[in-house]
Amino acid sequence: KFDGKTQMNASYIFNLDWLPQTDLLYDSRVVGFITHVGLNSFTETFLAGVPIVSIPLFADQLHNAKRATALRTGIMVRKTEITEENLSSALEKILYDER
1 KFDGKTQMNA
11 SYIFNLDWLP
21 QTDLLYDSRV
31 VGFITHVGLN
41 SFTETFLAGV
51 PIVSIPLFAD
61 QLHNAKRATA
71 LRTGIMVRKT
81 EITEENLSSA
91 LEKILYDER
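Rendered as structure tokens:
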């Protein structure tokens, strides 16, 4: 469980109890979004035009992650394959590769 404490003290990291996801996604400073890709998250992120790193966990999320990949709006990282290298690679792809 996240207790609200972080080890980093960077000016670009904000700890908030809650934030409307659409407000975040439509902020011009957001250049990518890491999500479980539930249907609402997938739809909101797709409509906002924000690239997705999807980490599907259950239910419809695998389908949504595959759809984001097929639409060239995201990269999927399976939860069993999460490593610093894999996440870094996925972020680089959504941020720098031509789509």
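Per the UniProt record's numbering, residue 1 is the first one in the sequence shown, and the count goes up by one each step. For each residue, glycine too, the CB sits at the ideal point set by N, CA and C.
Would you give the residue range spanned by the alpha helix (DSSP H) that Phe46 belongs to?
Translated into the one-based positions of the sequence shown, residue 46 becomes position 46. Judged by DSSP secondary structure, Phe46 falls within the alpha helix (DSSP H) whose first and last residues are 39-48.
Applying the 10 Å Cβ sphere with the 16-neighbour rule, what's the burial state of Val31?
To locate residue 31, count along the sequence shown from 1; it is residue 31. The residue in question, Val31, is exposed, as its Cβ has fewer than 16 Cβ neighbours within 10 Å.
With a 10 Å radius around its C-beta and 16 neighbouring C-beta atoms as the bar for buried, classify Ser89 as buried or exposed.
The count along the sequence shown starts at 1 and reaches residue 89 at position 89. Residue environment: Ser89 is assigned as exposed (fewer than 16 neighbouring CB atoms within 10 Å of its CB, all protein chains considered).
Please give me, in chain order, every unbroken run of the alpha helix (DSSP H) with length at least 4 that falls completely inside the region 46-77.
Inside the region 46-77, DSSP marks whole alpha helix (DSSP H) runs of 4 or more residues at positions 61-70, from first to last along the chain.
Compute the Euclidean distance between the alpha carbons of Glu81 and Arg72, then round it to the nearest angstrom.
Reading the sequence shown from its first residue, position 81 is the one you call residue 81. Reading the sequence shown from its first residue, position 72 is the one you call residue 72. Take the alpha-carbon of Glu81 and the one of Arg72: they are about 21 Å apart.
Other residues of its chain near Thr45: CB distance less than 7 Å, five sequence neighbours each side excluded:
Within the sequence shown, numbered from 1, the residue matching residue 45 stands at position 45. For Thr45, where only same-chain residues beyond five positions count, the Cβ hits under 7 Å are Leu25, Phe33, Thr35, Ile52.
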